[in-house]
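Asks:
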Amino acid sequence: MTVPRTMHLAAHFPGVNATTVWADPRSRSQIDFSSFVHLAQTAERGKFDFFFLA
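The opening position of the sequence shown corresponds to residue 0 in numbering that gives the first Met the number 0, with each subsequent residue numbered one higher.
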C-alpha cells in the first residue's frame with residue numbers, strides 16, 4: 000500500500016516592516032494593513048498552510 004504524500008505550502012514576506020518606509024510620503028500598499036489581509040486571503044484560497052510576515 001502506498002502512503003499518500005503531502006506537500007506543505009508557505010508564504011514568507013520578509014522586510015515588510017522596514018524601519019523607514021513609513022516615513023516616505025510615497026509609501027502606499029506596502030504598509031497598508033488591508034494589503035496584508037489581501038495577501039493572506041490569496042494564500043488561503045491557494046490552500047497554503049501558513050503565511051508569515053517578518
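Each residue gets a CB set at the ideal place from its N, CA and C atoms; glycine is no exception.
Source: prediction; values computed, not measured.
On the three-state DSSP scale, how would you describe HIS7?
Replies: The answer is coil: DSSP assigns HIS7 none of H, G, I, E or B.
Asks: Return yes when the C-beta of PHE47 is under 7 Å from any heavy atom of the ligand FAD, and no when it is not.
Replies: As presented, the structure is devoid of all ligands, the ligand FAD included, so that no description of it is given.
Asks: Between the C-alpha atoms of GLU43 and ARG4, what's the straight-line distance to the nearest angstrom?
Replies: So the two alpha carbons sit approximately 20 Å from each other.
Asks: How far does the alpha helix (DSSP H) with PHE47 in it extend, from its first residue to its last?
Replies: It is not in any alpha helix (DSSP H) - PHE47 carries neither H nor E in the DSSP assignment.
Asks: Rounded C-beta distance between PHE50 and ALA39? I'm assuming under 8 Å.
Replies: Confirmed, about 5 Å.
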